[in-house]
Amino acid sequence: MDSSIIGKIEKAKQYSEQKDRVNITSFAATFKGNHDNYDVQFSDGAWRCECHFFATREICSHTMAMQRILDEMLTAQDQPVPAI
Ligand SMILES: [Zn+2]
């Protein structure tokens, strides 16, 4: 392995600890629920899920779980830069 890729790997390790560097603008995922799998999407600041609960409430356990998992990366633009 050449030295330049080793430097990139080190940088990647540091970046991966600094989730506020990442601002997710859109993504799609398959969420494995207790009874079924659901397609969950995030785009233009809005969530979508194909489950029945989301269809009537526009929020569900799957989108809320994804928000918790991705919290820092979804709201990074709105938060002040943390002191290091
Ligand atoms: Zn759902």
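Note that the sequence shown ends on residue 85 in the working numbering; no numbers are left out.
A virtual CB, placed ideally from N, CA and C, is assigned to each residue, including glycine.
Remember, it's a predicted structure, so these values are computed and weren't measured experimentally.
- Task: Say yes only if the C-beta of S62 is nearer than 8 Å to one or more non-hydrogen atoms of ligand 1, and no if none qualify.
- Result: Residue mapping note: residue 62 aligns to position 61 of the sequence shown, counting from 1. Within the cutoff, so yes.
- Message: Using a 10 Å radius around the Cβ and a threshold of 16 neighbouring Cβ atoms, would you call Y16 buried or exposed?
- Response: Here residue 16 refers to the residue found at position 15 of the sequence shown. Y16 comes out exposed.
- Task: Could you pull out every residue in the same chain whose Cβ sits closer than 8 Å to the Cβ of K9, ignoring the five residues on either side in sequence?
- Result: Here residue 9 refers to the residue found at position 8 when the sequence shown is read from its first residue. Excluding residues within five positions, none has a Cβ falling inside 8 Å.
- Query: Would the C-beta of F32 count as close to ligand 1, meaning under 8 Å from any of its heavy atoms?
  - Reply: Taking the sequence shown and counting its residues from 1, the one referred to as residue 32 is at position 31. True, at least one ligand heavy atom lies under 8 Å from that Cβ.
- Task: Pick helix, strand or coil for T64, following the three-state DSSP scheme.
- Result: For this step, residue 64 is matched to residue 63 along the sequence shown. Residue state, collapsed to three classes: helix.
- What is the DSSP secondary structure of T57, counted as helix, strand or coil? Counting from 1 along the sequence shown, the entry for residue 57 is found at position 56. Three-state result, T57: helix.
- Query: Any heavy atom of ligand 1 within a distance shorter than 8 Å of the CB on V23?
  - Reply: Residue 23 sits at position 22 when you count from the first residue of the sequence shown. Answer for V23: no, Cβ out of range of ligand 1.
- Item | DSSP-derived helix/strand/coil call for Q99 | Outside the modelled stretch of the chain, which goes from 2 to 85, sits residue 99, for which no answer is possible.
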